[in-house]
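Asks: What follows is a single structure, and I will ask about it in a moment.
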Amino acid sequence: ILNVEQSPQSLHVQEGDSTNFTCSFPSSNFYALHWYRWETAKSPEALFVMTLNGDEKKKGRISATLNTKEGYSYLYIKGSQPEDSATYLCASDSGTYKYIFGTGTRLKVLA
Amino acid sequence: NAGVTQTPKFQVLKTGQSMTLQCAQDMNHNSMYWYRQDPGMGLRLIYYSASEGTTDKGEVPNGYNVSRLNKREFSLRLESAAPSQTSVYFCASRWDRAGEQYFGPGTRLTVT
Chain A
992 ILNVEQSPQS
1002 LHVQEGDSTN
1012 FTCSFPSSNF
1022 YALHWYRWET
1032 AKSPEALFVM
1042 TLNGDEKKKG
1052 RISATLNTKE
1062 GYSYLYIKGS
1072 QPEDSATYLC
1082 ASDSGTYKYI
1092 FGTGTRLKVL
1102 A
Chain B
2 NAGVTQTPKF
12 QVLKTGQSMT
22 LQCAQDMNHN
32 SMYWYRQDPG
42 MGLRLIYYSA
52 SEGTTDKGEV
62 PNGYNVSRLN
72 KREFSLRLES
82 AAPSQTSVYF
92 CASRWDRAGE
102 QYFGPGTRLT
112 VT
């Protein structure tokens, strides 16, 4: 994989549902994987920076895992709330100053 | 701390006009970045500056120039705007080549 791919592109879930998204990234020249949360009309905000294979990070109801050998990361949201509605971006970082961003997963949580 | 600030927030240009987008950060970060965001395309890197006095091309540099004026400020110039440059422009900074990036609020540019 040369690009960063995220799936699904968008999804709608009901309040209280748990959900997860996937980020696939180049496993060669890996330095770090970043997750950002991007609300409409705002700017992206960092959620997690992950560097080690097998890493798992958690912030409240949101968690992420990392597999650097196969080049994927999962983001999980437990018990989705309307305020979780946003676009979730991942970015592959090779440690060369430049990120490669995915196109994001647009999440809409319905009350 | 204001973080990363950008001016202007909105701008409308006619084809062929020029303008400079300003970005400043007060976090003492070494590296700074300019991205454009287009529907379905995600964030694409235009130019970046690893440190004061250096700049490098990103993925989509054509039609743009940049200046790293000092450690705080990184400007993006459109010399002759084209409709294809209609986009939302984000400036970002981070401490060095590792770690998270901090983004400004964006500039929405329309070229008619």
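So the protein lines, in turn, are chains A and B.
Each residue of the first sequence is one higher than the one before, counting from 992 in this note's numbering.
Each residue of the second sequence is one higher than the one before, counting from 2 in this note's numbering.
Glycine included, every Cβ here is placed at the ideal spot set by N, Cα and C.
#1: Between which two residues does the beta strand (DSSP E) carrying A1037/A extend?
#2: Smallest Cα separation from Y1063/A: which of S1083/A, E1074/A, T1078/A, I1053/A?
#3: Out of curiosity, what's the CA-to-CA distance linking K1089/A and E1047/A?
#4: Let me see if you follow: with CB-CB separation under 8 Å, is P62/B close to chain A or not?
#5: If you follow the beta strand (DSSP E) that L1080/A is part of, which residue opens it and which one closes it?
#6: Mind checking who R98/B pairs with in its DSSP beta bridge?
#7: Kindly say whether A1102/A, judged by its beta-carbon, lies nearer than 8 Å to any beta-carbon of chain B.
#8: Does the pairing of the stretch 29 to 41 of chain B with the stretch 58 to 78 of chain B give three or more beta-carbon distances under 8 Å?
#9: In its own chain, which residues sit with a C-beta less than 6 Å from the C-beta of V89/B, not counting the 5 before and 5 after it?
#10: Output needed for G64/B: all residues of its chain with C-beta closer than 7 Å, excluding positions within five of it in sequence on either side, in chain order.
#11: CB V995/A to CB F1092/A, shorter than 8 Å?
#12: Residues of chain A with a CB under 7 Å from the CB of E101/B: which are they?
#13: In angstroms, rounded to a whole number, what distance separates the CA positions of V5/B and Y36/B?
#14: What's the C-alpha gap between D57/B and S76/B?
#15: Would S1085/A and F104/B be called neighbours here (beta carbons separated by less than 8 Å)?
Replies: Looking at the atomic coordinates:
#1: Per DSSP, A1037/A belongs to the beta strand (DSSP E) from 1036 to 1041.
#2: Among S1083/A, E1074/A, T1078/A, I1053/A, the Cα nearest to that of Y1063/A is on S1083/A.
#3: Between the C-alpha atoms of K1089/A and E1047/A there is a straight-line separation of about 24 Å.
#4: Closer than 8 Å to the CB of P62/B there is not a single CB belonging to chain A.
#5: From DSSP, the beta strand (DSSP E) with L1080/A extends over 1077 to 1084.
#6: Looking at the DSSP assignment, R98/B forms no beta bridge with any residue, so it has no partner.
#7: For A1102/A, the answer is no, since every Cβ of chain B falls outside 8 Å of its Cβ.
#8: The stretch 29 to 41 of chain B vs the stretch 58 to 78 of chain B: in contact.
#9: In the same chain as V89/B, and ignoring 5 residues on each side of it, the C-beta atoms closer than 6 Å to its own belong to Q38, G107, R109, in chain order.
#10: Correct list, in chain order: L79, A83, Q86.
#11: Yes, Cβ-Cβ distance for V995/A and F1092/A is below 8 Å.
#12: Within 7 Å Cβ-Cβ: H1025, A1037, V1040.
#13: Near 14 Å, if we compare the C-alpha coordinates of Y36/B and V5/B.
#14: Near 13 Å, if we compare the C-alpha coordinates of S76/B and D57/B.
#15: Cβ atoms of S1085/A and F104/B: not closer than 8 Å.
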